[in-house]
Amino acid sequence: SNHRAYGSFFRLYYPCQTTEKAERPDWVPCKEYFNGLTDFMNINRTLGEKIFNYLFGSFKIPASLDAPFKSNVKCPVVIFSHGLGAFRTLYSAICAELASHGFIVASVEHRDQSASATYYFREKTESEKANKKNWMYYRGLKHGEREFPLRNQQVKKRADECILALDKLIEINSGTPVQNVLQTQFDWTTLENSMDLCRIAVMGHSFGGATVIEALCKEVKFKCGVALDAWMNPLDDEIFPRVKQPIFFINSEKFQWAGNISRMKKLDSAVIQRKMITIRGTVHQSFPDFTFLTGNWIGKLMKLKGEIDPELALDLSNKATLAFLQRHLGLEKNFNQWDPLIDGQDDHLIQGTNVTFLQSAI
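Taking our numbering, the leading residue of the sequence shown gets 64, the next gets one more, and so forth.
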């Protein structure tokens, strides 16, 4: 929405009718995103774009583009926040799975310069035939720059963008006409009164996990949060006691360290449910889609795959998430069959963490 950089930009996943000639959306929308990924990884742009395009350029996501909305009941809502160097389309396995279970999911693309690439439209002048894309690329640390001030500023903007995305969904649900500057055949009026706005959660990976905590602190409409392998560095310590909603930390085995876990443990509470599990054999990139799209040796070389089968890992994460969301959003579904996963009761899970940390650090 909006032509300006402070509009809201997200990919929306929702339950849909099956259609015979449904078009599948591109996984990566255009080459500028590959350019952004190569910049983020410090690879030569020309070479990097060719490699990424060769490896990933033809992938489509397993969903239907602009398919008619279908649901017999009002849908709970999830706002999803991506990690550092990612963008709105890279978590389609998680978002599509949630939508297939009856959620409406908005996967936000952040404009805080933490995405590999993103854009907004500059309004066209009278002589121009189309809106012009203004691209924004990832901003790394400058020489000698301290990381915390930048990341803290970004996490606050990211939380605001999650809240703005929710505000847009509330407008759509109320029947207020919204301006979508992307060309689409979707009939937005079909989403009027489609959402259960008493049942809203926020979810994210890595930097998006920190964004979950910040967003919970800023917006009480979010009833709970799920943080996937959260990177806690961007957060002010003073916000931890101000977060009143339940939180579920789902961690990988290989990414976490004592300082990061001790910050998660600052959110422990005797009265609010705060849960943590670790998935054995997983790495930090076991949550984005890349983990499914590379062969075994390239995946392990680039740390996109761990020792565990990636489908099993994400299945455990998704089922544990659904059980947690049912519990704290009060859903009348059958997701409680996976309640044991919330407490790490599976051979592939660890209750809490595999990391040793000092209690005195909390």
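Glycine included, each C-beta is placed from N, C-alpha and C at the ideal position.
Using CA atoms only, rank isn't needed, just tell me which of the options is closest to residue i.
{"i": "alanine 386", "options": "Leu110, Phe285, Leu118 and Leu161", "result": "Leu161"}
{"i": "proline 351", "options": "Lys94, Ile157 and Phe211", "result": "Ile157"}
{"i": "proline 88", "options": "Gly99, Pro125 and Gln400", "result": "Pro125"}
{"i": "lysine 338", "options": "Cys287, Asp259, His347 and Leu153", "result": "Cys287"}
{"i": "aspartate 284", "options": "Ile302, Arg262 and Trp294", "result": "Sequence inspection shows lysine at residue 284; the aspartate mentioned does not correspond to that position. The residue with the shortest Cα to Cα distance from lysine 284 is Arg262."}
{"i": "tryptophan 294", "options": "Lys94, Asp378, Gly272 and Glu282", "result": "Gly272"}
{"i": "methionine 365", "options": "Leu375, Phe353 and Lys205", "result": "Phe353"}
{"i": "glycine 148", "options": "Ser127, Leu298, Met199 and Gln248", "result": "Met199"}
{"i": "alanine 333", "options": "Ile340, Arg326, Lys317 and Pro304", "result": "Pro304"}
{"i": "glycine 357", "options": "Glu208, Phe122 and Ala169", "result": "The amino acid at residue 357 is misidentified as glycine; the sequence shows threonine. Threonine 357 has its Cα closest to that of Phe122, out of Glu208, Phe122 and Ala169."}
{"i": "glutamate 224", "options": "Thr252, Ser144, Leu298 and Phe249", "result": "Ser144"}
{"i": "lysine 317", "options": "Ser170, Gly99 and Thr416", "result": "Thr416"}
{"i": "methionine 266", "options": "Thr247, Pro212 and Arg151", "result": "Arg151"}
{"i": "histidine 173", "options": "Val218, Leu279 and Glu208", "result": "Val218"}
{"i": "serine 380", "options": "Tyr117, Ile340 and Asp299", "result": "Ile340"}
{"i": "proline 373", "options": "Ser315, Gly120, Arg390 and Met327", "result": "Ser315"}
{"i": "valine 168", "options": "Leu110, Gly207, Leu421 and Ala228", "result": "Ala228"}
{"i": "leucine 298", "options": "Leu100, Phe249, Asp402 and Asn215", "result": "Asn215"}
{"i": "phenylalanine 119", "options": "Trp90, Asp250 and Arg390", "result": "Trp90"}
{"i": "glycine 70", "options": "Asn105, Thr82 and Asp175", "result": "Asp175"}
{"i": "isoleucine 233", "options": "Asp250, Asn256, Phe249 and Pro212", "result": "Asn256"}
{"i": "glutamine 80", "options": "Phe249, Leu394, Leu100 and Asn359", "result": "Phe249"}
{"i": "glycine 146", "options": "Gly207, Leu100 and Asn359", "result": "Leu100"}
For the alpha helix (DSSP H) that contains residue i, what are its first and last residues?
{"i": "glutamine 414", "result": "It is not in any alpha helix (DSSP H) - glutamine 414 instead sits in the beta strand (DSSP E) that spans 412-414."}
{"i": "phenylalanine 103", "result": "94-103"}
{"i": "tyrosine 117", "result": "108-119"}
{"i": "lysine 382", "result": "373-392"}
{"i": "arginine 326", "result": "321-328"}
{"i": "leucine 232", "result": "210-237"}
{"i": "leucine 161", "result": "155-163"}
{"i": "leucine 364", "result": "359-364"}
{"i": "leucine 404", "result": "402-405"}
How about residue i and residue j: do their beta carbons lie closer than 8 Å?
{"i": "isoleucine 310", "j": "leucine 330", "result": "yes"}
{"i": "asparagine 296", "j": "glutamate 210", "result": "yes"}
{"i": "phenylalanine 166", "j": "valine 141", "result": "yes"}
{"i": "serine 177", "j": "phenylalanine 270", "result": "yes"}
{"i": "threonine 313", "j": "valine 346", "result": "Here residue 313 turns out to be isoleucine, not threonine, going by the sequence shown. Taking 8 Å as the Cβ cut-off, isoleucine 313 and valine 346 do not qualify as a contacting pair."}
{"i": "isoleucine 335", "j": "lysine 307", "result": "yes"}
{"i": "arginine 343", "j": "threonine 274", "result": "no"}
{"i": "phenylalanine 184", "j": "valine 244", "result": "yes"}
{"i": "glycine 369", "j": "serine 349", "result": "yes"}
{"i": "phenylalanine 103", "j": "tyrosine 201", "result": "yes"}
{"i": "leucine 377", "j": "histidine 411", "result": "no"}
{"i": "glycine 407", "j": "glutamine 400", "result": "no"}
{"i": "proline 139", "j": "leucine 392", "result": "yes"}
{"i": "serine 179", "j": "arginine 74", "result": "no"}
{"i": "tyrosine 117", "j": "histidine 268", "result": "no"}
{"i": "glutamate 112", "j": "lysine 84", "result": "no"}
Identify the continuous beta strand (DSSP E) that holds residue i and give its terminal residues.
{"i": "phenylalanine 143", "result": "138-144"}
{"i": "valine 289", "result": "287-291"}
{"i": "serine 315", "result": "310-315"}
{"i": "asparagine 197", "result": "195-200"}
{"i": "valine 275", "result": "Premise fails: valine 275 lies in the alpha helix (DSSP H), 270-281, not in any beta strand (DSSP E)."}
{"i": "lysine 338", "result": "337-342"}
{"i": "leucine 75", "result": "73-76"}
{"i": "threonine 354", "result": "Element bounds for threonine 354: n/a, residue is neither H nor E."}
{"i": "valine 171", "result": "167-171"}
{"i": "threonine 181", "result": "180-185"}
Rounded C-beta distance between residue i and residue j? I'm assuming under 8 Å.
{"i": "lysine 137", "j": "aspartate 259", "result": "4 Å"}
{"i": "asparagine 194", "j": "tyrosine 182", "result": "The pair is not a contact, with the Cβ atoms about 10 Å apart (cut-off 8 Å)."}
{"i": "arginine 226", "j": "glutamate 301", "result": "The residue you asked about is not arginine; residue 226 is isoleucine in the sequence shown. With a Cβ gap of about 19 Å, isoleucine 226 and glutamate 301 do not count as contacting."}
Might you give, ordered along the chain, the residues of its own chain that have their beta carbon closer than 7 Å to the beta carbon of residue i, omitting 5 neighbours on each side?
{"i": "leucine 254", "result": "Phe132, Ile235 and Asn236"}
{"i": "alanine 159", "result": "Tyr76, Ile124, Pro125 and Ala126"}
{"i": "valine 418", "result": "Gln319, Trp320, Ala321 and Ile324"}
For residue i, which residues of its own chain have a beta-carbon under 6 Å away from its beta-carbon, when the five flanking residues on both sides are left out?
{"i": "leucine 388", "result": "Ala264"}
{"i": "leucine 128", "result": "Glu86 and Pro88"}
{"i": "serine 134", "result": "Pro78"}
{"i": "phenylalanine 355", "result": "Pro373"}
{"i": "isoleucine 106", "result": "none"}
Excluding sequence positions up to five away, which residues of its chain have a Cβ less than 8 Å from the Cβ of residue i?
{"i": "histidine 164", "result": "Leu385, Lys396 and Phe398"}
{"i": "threonine 247", "result": "Asp129"}
{"i": "cysteine 280", "result": "Ala222, Ile302, Arg305 and Val306"}
{"i": "lysine 382", "result": "Phe398, Trp401 and Leu404"}
{"i": "leucine 421", "result": "Ala321 and Ser325"}
{"i": "isoleucine 371", "result": "Ile342, Arg343, Gly344, Thr345, Ser349 and His411"}
{"i": "tryptophan 446", "result": "As displayed, the chain neither begins before 64 nor continues past 425, which places residue 446 out of reach and without an answer."}
{"i": "leucine 238", "result": "The identity of residue 238 in the sequence shown is glycine, whereas the question assumes leucine. Counting only Cβ-Cβ distances below 8 Å, and skipping sequence neighbours, we find Thr252, Glu255 and Asn256."}
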